[in-house]
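Quick note, the numbering used here runs 809 ahead of the 1-based positions in the sequence shown. Ideal Cβ positions, reconstructed from N, Cα and C, are used throughout, including at glycine. Since we're looking at a predicted model, the values are computed, not measured. Read through the structure below, which is laid out as structure tokens, and then see the notes.
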Amino acid sequence: MLEKEDTKLEIFGFGDDDDKEDTFYCLVNTVKNPDGIDLDKLSMADPRKFDEVLNEMGCILLLRGDEVEELINRGDITDSDLHKSIYDLAVEEEIIS
């Protein structure tokens with residue numbers, strides 16, 4: 810099983826210049842990709858292959874800001890240590906096994 814120390818949580822804004830950027834929380838497998846998410850490459854990705862590009866970059870789990878807020882409100886994760894909370898959630902949901 811992938812250990813928490815082999816992951817990192819990246820938080821970034823993404824969206825069109827005309828629209829308000831959305832905040833995303835991405836749990837990244839640093840064994841697969843120590844550099845994490847390449848936002849330039851991601852922004853140029855074909856929308857039909859967006860998930861594939863994220864997977865190639867080591868993305869384990871991608872959550873929007875509103876999803877993170879909902880998980881915090883439900884008590885599924887805590888904002889005091891988002892990395893650990895999101896990692897634990899991924900293990901619990903068998904995204905990481």
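Asked	Found
For residue 875, three-class secondary structure by DSSP	helix
Short Cβ contact (8 angstroms threshold) for residue 818 with residue 891	yes
Residue 882 classed as buried or exposed, judged by whether at least 16 other C-beta atoms fall within 10 angstroms	exposed
Contact the stretch 852-862 vs the stretch 828-841: 3+ CB pairs below 8 angstroms	no
Opposing strand residues paired with residue 859 [DSSP bridges]	Note: residue 859 sits in no beta bridge, so no partner.
Through-space distance from residue 842 to residue 851, alpha-carbon basis	14 angstroms
Residue 900 - DSSP class collapsed to helix/strand/coil	helix
Residue 848 versus residue 812 - alpha carbon distance	25 angstroms
Assigned secondary structure, residue 886 (DSSP; H/G/I helix, E/B strand, else coil)	coil
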